[in-house]
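Undergrad:
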Amino acid sequence: MSGFSYMTQEGYDKLSAEIDELKTNGRSEVAKAIAEARDKGDLSENAEYDAAKDAQGHLEAKINELEKALAKARIIDESQLDNSKVTVLTRVTIKNLKNNATLSYKLVSETEANLKEKKISVDSPIGQGLLGKKVGDIAVIETPRGNMEFEIMELGF
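Below, the structure written as structure tokens:
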């Protein structure tokens, strides 16, 4: 998807808030843990200090990853999208042609994906297989267990 990550304003704001939270509270908690571990003596054999430093490394890596995602983010307006085919932010109802199960998902950016909320990434195999399809089309999705076929039943936003 051309290096950009398309998301809603809500998703962008949520990602920004998460970064702010990690930079403020997350960093202060890690700094406090490092200070407490440092006060316990010899750093060469201090497992708490090593764990706190590891936590700091993980926190900074996560902040960096989220900032990169935010830098690549492009906010899109759902009202400007073509609702005749599956695109990012489309709510699509599909029917599994093997077992006739009907599922409904919203295609979103990877950072907004949340299966509990029935939001799947456009970069996932299912998302990629659905992009560009219209109502009545059959999407063939390649999975480790073989190809699965889904009929596009309904589109919306």
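For the sequence shown, my numbering gives the first residue as 1, with consecutive numbering after it.
Backbone N, C-alpha and C fix where the C-beta goes; we use that ideal spot for every residue, glycine too.
Computed from a predicted structure; not experimentally measured.
If we ignore side chains and look at the alpha-carbon of each, how far apart do E163 and E45 end up?
TA: No answer is possible for residue 163: it lies beyond the span of the chain, which begins at 1 and ends at 157.
Undergrad: Which residues in the same chain as K62 place their Cβ atom closer than 8 Å to its Cβ, once the five residues preceding and following it in sequence are excluded?
TA: L22.
Undergrad: Please go through the same chain and pick out, in chain order, the residues whose beta-carbon is closer than 7 Å to the beta-carbon of L43, but skip the five residues on each side of it.
TA: Result list for L43: Y49, in chain order.
Undergrad: Exposed or buried, S5, counting other C-beta atoms within 10 Å across all chains shown (16 or more means buried)?
TA: With 16 or more other Cβ atoms within 10 Å, it is buried.
Undergrad: Pick out whichever of K53, G129 and A17 has its Cα sitting closest to the Cα of K32.
TA: With distances taken between Cα atoms, K32 lies closest to K53.
Undergrad: Beta-carbon separation of G26 and L59 under 8 Å?
TA: Yes, the pair counts as a contact, with Cβ atoms nearer than the cut-off.
Undergrad: Could you give the residue range of the alpha helix (DSSP H) that holds V159?
TA: Examination of residue 159 is not possible in this model, given that the chain is present from 1 through 157 alone.
Undergrad: Contact between the segment 95-115 and the segment 134-154: three or more CB pairs below 8 Å?
TA: Judged by Cβ distances under 8 Å, the segment 95-115 makes contact with the segment 134-154, as three or more pairs qualify.
Undergrad: Quick check: the segment 121-141 against the segment 7-22, are there 3 or more CB pairs under 8 Å?
TA: In short, these stretches do not touch, since the Cβ pair count stays below three.
Undergrad: Tell me the residue span of the beta strand (DSSP E) that contains I120.
TA: Unbroken beta strand (DSSP E) run through I120: K119 to S121.
Undergrad: For A139, list the residues DSSP reports as bridge partners.
TA: A139 pairs with F150.
Undergrad: Can you check which of these residues, L103, E110, T102 and G3, is closest to N89 by C-alpha distance?
TA: Inspection of the sequence shows that residue 89 is occupied by Leu rather than by Asn. Taking only the C-alpha atoms, the option nearest L89 is E110.
Undergrad: How is the alpha helix (DSSP H) around S16 delimited, first residue to last?
TA: First-last of the alpha helix (DSSP H) with S16: Q9 to E21.
Undergrad: I need the boundaries of the beta strand (DSSP E) containing K98, first residue and last residue.
TA: Taken as a continuous stretch (DSSP letters only), K98 belongs to no beta strand (DSSP E), as it is neither H nor E.
Undergrad: Taking just the CA atoms, how far does D13 sit from K128?
TA: Correcting the residue type first, residue 128 is Gln in the shown sequence and not Lys. Distance between the alpha carbons of Q128 and D13: 25 Å.
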